[in-house]
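Notes follow once the structure below has been shown.
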Amino acid sequence: KLSEFLSRFGFGKVTHIDMFGENAGLLPSPEWKQKRFKKPWYLGETVITSIGQGYTLVTPMQLGQAVATLANDGITMQPRLIQSIKNSQTGKMEMFKNKTVQELHFKPEHLALVKEGMINVTQPGGTAASVGAGAPYKIAAKTGTAQVVEMKANQKYNPDRMNERHRDHALFIAYAPAEDPTIAIALIVENGGHGGSTAGPIARKLMDYYLLKKVSSNKEENKVSPLESEYHD
Numbered sequence: 084k085l086s087e088f089l090s091r092f093g094f095g096k097v098t099h100i101d102m103f104g105e106n107a108g109l110l111p112s113p114e115w116k117q118k119r120f121k122k123p124w125y126l127g128e129t130v131i132t133s134i135g136q137g138y139t140l141v142t143p144m145q146l147g148q149a150v151a152t153l154a155n156d157g158i159t160m161q162p163r164l165i166q167s168i169k170n171s172q173t174g175k176m177e178m179f180k181n182k183t184v185q186e187l188h189f190k191p192e193h194l195a196l197v198k199e200g201m202i203n204v205t206q207p208g209g210t211a212a213s214v215g216a217g218a219p220y221k222i223a224a225k226t227g228t229a230q231v232v233e234m235k236a237n238q239k240y241n242p243d244r245m246n247e248r249h250r251d252h253a254l255f256i257a258y259a260p261a262e263d264p265t266i267a268i269a270l271i272v273e274n275g276g277h278g279g280s281t282a283g284p285i286a287r288k289l290m291d292y293y294l295l296k297k298v299s300s301n302k303e304e305n306k307v308s309p310l311e312s313e314y315h316d
């Protein structure tokens with residue numbers, strides 16, 4: 084049931100965005116494991132799959148589509164990179180219309196509970212409170228950390244003693260304004276560590292730029308790197 088439900092959000096399959104080489108990721112199930120490894124599915128695997136661990140593989144595009152679907156009350160739109168194409172000879176402009184892929188029907192009380200939880204993430208006491216600090220709009224979000232290498236049973240995670248490429252990835256998904264969303268974001272910082280402190284501040288800058296047409300001045304965010312400064316210009 085878990086695998087079937089998550090597949091409705093687009094996990095385990097391509098989004099058909101207008102680009103080549105999209106990866107479908109992997110959404111494991113008892114049937115998949117039996118076929119792949121000739122082994123049964125254990126109850127503990129359901130638990131870790133529910134939080135995105137285990138065999139699960141997800142792309143940022145899938146995360147973006149999923150959070151956009153949630154923000155859109157269950158309506159999945161076809162993602163696109165290209166808004167229009169202009170014929171260089173005739174000058175005719177072809178616009179691509181928004182296309183609804185599917186409509187997922189959730190109980191209003193269930194949807195409201197999830198959204199409330201995501202809003203609380205950016206409020207005082209949340210894992211991304213600093214991301215929402217000072218924002219003139221409400222942000223609904225979820226922080227995430229993707230493990231790159233497996234830790235041994237008696238081994239503790241210490242990024243300072245690890246090769247940088249083995250450190251955890253930082254993830255952050257969000258939509259805003261929470262009451263009437265116009266932007267959804269899925270962001271990953273490879274080997275960045277924690278989603279709230281690394282990926283979250285970048286997402287805040289993107290949302291500020293999109294919604295307020297300005298670069299965020301949130302003092303609680305990390306300092307802007309020289310590379311980021313180039314894009315701000």
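For what it's worth, the working numbering labels the leading residue of the sequence shown as 84, then goes sequentially. Heads up, the beta-carbon is just placed ideally off N, CA and C, and yes, glycines get one too. Predicted model, so just to flag it, every value in this text is computed and none were measured.
Annotation: the continuous alpha helix (DSSP H) that includes glutamate 199 extends over 191 to 204.
Going by DSSP, tyrosine 258 is part of the beta strand (DSSP E) stretching over 252 to 259. By the neighbour-count criterion, in which a residue is buried when 16 or more other Cβ atoms sit within 10 angstroms of its Cβ, serine 280 is buried. Here arginine 287 is buried, its C-beta having at least 16 other C-beta atoms within 10 Å. Excluding residues up to 5 positions away in sequence, Thr210, Ala211, Ala224, Lys225, Thr226 lie with their Cβ nearer than 7 Å to the Cβ of valine 204 in the same chain. Taking every protein chain shown into account, the CB of alanine 261 has 16 or more other CB atoms within 10 angstroms, so this residue is buried.
Cβ-Cβ separation between isoleucine 268 and glycine 147: approximately 7 Å, consistent with a contact (criterion under 8 Å).
For threonine 132, the secondary structure class from DSSP, reduced to helix, strand or coil, is helix. By the criterion of a C-beta distance shorter than 8 Å, methionine 144 is surrounded in its chain by Thr98, Ile100, Glu105, Pro162, Ala269, once the five residues flanking it on both sides are discounted. At the C-beta level, alanine 154 and phenylalanine 92 stay beyond 7 Å of one another. For the pair glutamine 230 and aspartate 251, the CB atoms are nearer than the 7 Å cut-off. Counting along the chain, the unbroken alpha helix (DSSP H) around glutamine 145 starts and ends at 143 to 154.
With respect to the 7 Å criterion, isoleucine 202 and alanine 259 are not classified as neighbours on the basis of their beta carbons.
In the three-state reduction of the DSSP assignment, lysine 121 falls in the coil class, being assigned neither a helical nor a strand state. Rounded to whole angstroms, the separation of the alpha carbons of valine 232 and serine 167 is 42 Å. Between the alpha carbons of glycine 200 and proline 111 lies a distance of about 26 Å. Here DSSP, grouped into helix, strand and coil, assigns isoleucine 222 to coil. The beta carbon of serine 133 sits closer than 7 Å to those of Leu85, all from its chain and outside the five residues before and after it, given in chain order. With fewer than 16 other Cβ atoms inside 10 Å of its own Cβ, threonine 265 counts as exposed.
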